[in-house]
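**Student:**
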Amino acid sequence: MFSKRSREIAPFIVMQLAQRASEFEAAGKTVVHFEVGEPDFQTAEPVVEAAKSAIDLGRTKYTVALGIPELRDRIAQYYLDQGVTVSSNRIVITSGASGGLTLLAALLLNPEDELLITDPGYPCNDVFARLVGAHPRPITVDAENRFQPTFADFVEAWGVNTRAALLASPGNPTGTMLDQNDLAAMAGFAKESGGALILDEIYQGLHHRPVTYSTGLAVRDDLYILNSFSKYFGMTGWRLGWVVVPEEAIDPITKLAQNLFISPNAPAQYAALAAFDDQALAIHEARRETFAQRAALMADGLKRLGFQIPVMPDGAFYHYVDVSHTGMTSSDFCWRLMDEFQVAVTPGSDFGAHHADRYARFAYTRGGDAIEMGLARIAKALAAWSIKT
Ligand SMILES: Cc1ncc(COP(=O)(O)O)c(C=O)c1O
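Heads up: the sequence shown begins at 279 in the numbering used here, then just goes up one per residue.
1) Where does Q586 sit, in a helix, a strand or coil, going by DSSP?
2) Going straight from the alpha carbon of F280 to that of E327, what length do you get?
3) Between the beta-carbon of L295 and the beta-carbon of M651, is there less than 7 Å?
4) Say the cut is 6 Å; is the CB of G345 nearer than that to a heavy atom of ligand 1?
5) Give the straight-line distance between the Cα atoms of S331 and I656, rounded to the nearest whole angstrom.
6) Is S365 helix, strand or coil by DSSP?
7) Using the DSSP secondary-structure output, state which residues sit across from D478 in a beta bridge.
8) What is the C-beta distance between V292 and T643, in whole angstroms, given that I count them as a contact (C-beta under 8 Å)?
9) Can you tell me whether T490 is buried or exposed? The criterion is at least 16 other CB atoms within 10 Å of its CB, across all chains shown.
10) Report back the beta-carbon spacing between L385 and L393 to the nearest angstrom; my notes put them in contact at under 8 Å.
11) Applying the 10 Å Cβ sphere with the 16-neighbour rule, what's the burial state of Y340?
12) According to DSSP, simplified to helix, strand and coil, what is T418?
13) What does G593 pair with, by DSSP beta-bridge criteria?
14) For the putative contact between R572 and G646, defined by C-beta atoms under 8 Å, what is the C-beta separation to the nearest angstrom?
15) Short check: CB of D628 to CB of P414, under 7 Å?
16) Please determine whether the Cβ atom of S365 lies at a distance below 6 Å from any heavy atom of ligand 1.
17) Counting only runs that start and end within the segment 375 to 443, where is the alpha helix (DSSP H) found for 4 or more residues in a row?
18) Comparing alpha-carbon positions, which option in P448, P389 and P427 lies nearest R441?
19) Taking DSSP as the reference, what is the three-state secondary structure of W663?
20) Consider the C-beta atom of S508 and the heavy atoms of ligand 1; say whether any pair is separated by less than 6 Å.
21) Using the three-state DSSP reduction, which class does F302 fall into: helix, strand or coil?
22) Identify every residue that forms a DSSP beta bridge with Y642.
23) Hey, is N450 close to ligand 1, as in C-beta under 6 Å from one of its heavy atoms?
24) Check whether the segment 501 to 520 touches the segment 531 to 547, taking contact to mean three or more Cβ pairs, one atom from each stretch, closer than 8 Å.
25) Could you pull out every residue in the same chain whose Cβ sits closer than 7 Å to the Cβ of D391, ignoring the five residues on either side in sequence?
26) Enumerate, from N- to C-terminal direction, the unbroken alpha helix (DSSP H) stretches of 4 or more residues contained entirely within the segment 531 to 555.
27) Tell me which same chain residues have a C-beta within less than 8 Å of the C-beta of G378, skipping the five on either side of it?
28) Does the beta-carbon of L660 have 16 or more other beta-carbons within 10 angstroms, so that it is buried, or is it exposed?
29) Let's test the definition: count the other Cβ atoms within 10 Å of the Cβ of N459 and tell me whether it reaches 16, buried, or not, exposed.
30) According to the Cβ coordinates, are R639 and P451 closer than 7 Å?
31) Only counting the same chain, and skipping five residues up and downstream in sequence, which positions put a Cβ closer than 8 Å to that of Q360?
32) Using a 10 Å radius around the Cβ and a threshold of 16 neighbouring Cβ atoms, would you call D529 buried or exposed?
33) Ends of the alpha helix (DSSP H) at V325?
34) Can you say whether Q557 is buried or exposed, counting buried as having 16 or more other CB atoms within 10 angstroms of its CB?
35) Round the Cβ separation of A560 and V325 to the nearest angstrom and send it over; I've been treating them as touching at under 8 Å.
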């Protein structure tokens, strides 16, 4: 009775782990959460206040489909502050990056077309391709190339039916950025091949060290950019994001946005205007620093316990960690850690198939105390399982 595509979607293992965690918590146990891709911080106060006044002012109706002009202008200004000129006409406000992915899949892919995605990569990517009848085609990425495709990988993967590639910088689950020259070359190749390159920049701003480019738009103006208020701006539950599209895509994406979504969330759009104010930006920047400190704390602790982190993340809030010295598959390791020591970590199999048994994603979305507690529990687990550290 239900569609083939709905049956084909693999369940998120992280959700099953989260379910187990909530059962432990309901039984009064403390669970350490290294699985969640959501910052522990509340949305910055100026944003919350702006939302309250938007609601008081009755800004609760549909807006124009592409989003309120003030917010599109403010995002254009945000790019200008990074030295990149983008006309606000090219900016489309969406229901999170997820809404943006839905629009871009519908815009760029026909049934039977291929979308290149990385393995490992963000688990939902292939579902957006399948939703429109297209086929995801994985490019496997490895530690020696910082878990990003090289230009040669990209060219090799691009087939006769490929219409678009979806890459992320910094990426999930590895936090690494795509090399600037590779990005330029890939975008050029995609264009010459009659296709498009989508760059997911949802972790933009959350870098741990100086970056060579803050946005792919500084590298190539004709990219399709995905972004969101979820991560750097700490607004996961507000369901707001944006895409930047080339000039020629504005009309078709407008029709899709009108029909599929009518409008993005109105109060959230007014609230998001405040996310760019100095006071809010200072809060977001302080949080970025905190994530960098947490990254170091967690990496040091894991390395002391014998884990390898083959590539340190450039940004975001994830370590992609080699757990093979435990002698277990990452899935067994994660489930045993959850069941026996109540530490939740996401196994590599959530992000693809390539070396998935070797890696697990440790998110540092919780504070230093939680990180210390988690590390202490993992140390106990390794001792109990007689694993040398
Ligand atoms: C790489 C990547 N892209 C897109 C998303 C979707 O984010 P949202 O819809 O909250 O903006 C996520 C969420 O974790 C992500 O990690």
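C-beta: ideal position from N, C-alpha, C; glycine also.
**Tutor:** To lay it out plainly:
1) In the sequence shown, counting from the first residue as 1, residue 586 sits at position 308. Three-state result, Q586: strand.
2) The count along the sequence shown starts at 1 and reaches residue 280 at position 2. The count along the sequence shown starts at 1 and reaches residue 327 at position 49. Distance between the alpha carbons of F280 and E327: 43 Å.
3) Here residue 295 refers to the residue found at position 17 of the sequence shown. Here residue 651 refers to the residue found at position 373 of the sequence shown. Contact flag unset, no.
4) Here the question's residue 345 lines up with position 67 in the sequence shown. No, Cβ of G345 sits at least 6 Å from all heavy atoms of ligand 1.
5) As a working note, residue 331 is residue 53 in the sequence shown. As a working note, residue 656 is residue 378 in the sequence shown. Going by the C-alpha atoms only, they are around 46 Å apart.
6) Residue 365 sits at position 87 when you count from the first residue of the sequence shown. S365 falls in the coil class under three-state DSSP.
7) Numbered from its first residue, the sequence shown carries residue 478 at position 200. Note: D478 sits in a beta bridge opposite A446 and L504.
8) Walking along the sequence shown from the start, residue 292 turns up at place 14. Walking along the sequence shown from the start, residue 643 turns up at place 365. Actually they are not in contact, since the Cβ atoms of V292 and T643 sit about 12 Å apart, beyond 8 Å.
9) What you label residue 490 is simply residue 212 of the sequence shown in a count that begins at 1. The residue is exposed, with fewer than 16 neighbouring Cβ atoms inside 10 Å.
10) Position 107 of the sequence shown, counting from 1, holds the residue named residue 385. Position 115 of the sequence shown, counting from 1, holds the residue named residue 393. Between L385 and L393 a beta carbon distance of about 12 Å is seen, past the 8 Å cut, so the two are scored as non-contacting.
11) Taking the first residue of the sequence shown as 1, we reach residue 340 at position 62. Y340 is exposed by the Cβ-count criterion.
12) One-based indexing of the sequence shown puts residue 418 at position 140. Secondary structure at T418: strand, using DSSP grouped into helix, strand and coil.
13) As a working note, residue 593 is residue 315 in the sequence shown. Its beta-bridge partners are H485.
14) Along the sequence shown, one-based indexing puts residue 572 at 294. Along the sequence shown, one-based indexing puts residue 646 at 368. That pair is a contact at about 7 Å.
15) The sequence position of residue 628 within the sequence shown is 350, counting from 1. The sequence position of residue 414 within the sequence shown is 136, counting from 1. Not closer than 7 Å, so no.
16) Counting from 1 along the sequence shown, the entry for residue 365 is found at position 87. Incorrect: S365 has no Cβ contact closer than 6 Å to ligand 1.
17) 403 to 409 and 429 to 435
18) Counting from one through the sequence shown, the residue named residue 441 turns up at place 163. Per the Cα distances, P389.
19) The residue given as residue 663 occupies position 385 in the sequence shown. Coil at W663, not helix or strand.
20) Here residue 508 corresponds to residue number 230 of the sequence shown, with the count starting at 1. Because some heavy atom of ligand 1 lies under 6 Å away, the Cβ of S508 counts as near it: yes.
21) On the sequence shown, position 24 is the one that residue 302 refers to. The answer is helix: DSSP assigns F302 an H, G or I state.
22) For the purposes of this step, residue 642 is identified with residue 364 of the sequence shown, where counting begins at 1. None, per the DSSP bridge assignment.
23) Numbered from its first residue, the sequence shown carries residue 450 at position 172. Within the cutoff, so yes.
24) Flag = yes, the segment 501 to 520 and the segment 531 to 547 touch.
25) The count along the sequence shown starts at 1 and reaches residue 391 at position 113. Counting only Cβ-Cβ distances below 7 Å, and skipping sequence neighbours, we find A412, N439 and R441.
26) 544 to 552
27) Counted from its first residue, the sequence shown places residue 378 at position 100. Result list for G378: V370, T372, L504, N505, S506, G519, W520 and V521, in chain order.
28) Here residue 660 is taken as the residue at index 382 of the sequence shown, counted from 1. Label assigned to L660: buried.
29) Looking up residue 459 in the sequence shown gives position 181. Result: exposed.
30) Position 361 of the sequence shown holds residue 639. Position 173 of the sequence shown holds residue 451. In contact: R639 and P451 (Cβ atoms closer than 7 Å).
31) In the sequence shown, counting from the first residue as 1, residue 360 sits at position 82. These residues qualify, in order along the chain: S492, T493 and A496.
32) For the purposes of this step, residue 529 is taken as the residue at position 251 of the sequence shown. Counting Cβ neighbours within 10 Å, D529 comes out exposed, since fewer than 16 surround it.
33) Taking the sequence shown and counting its residues from 1, one reaches residue 325 at position 47. Start and end: E323 to D334.
34) Here the question's residue 557 lines up with position 279 in the sequence shown. Q557 should be labelled exposed.
35) Residue mapping note: residue 560 aligns to position 282 of the sequence shown, counting from 1. Residue mapping note: residue 325 aligns to position 47 of the sequence shown, counting from 1. About 13 Å; that fails the 8 Å criterion.
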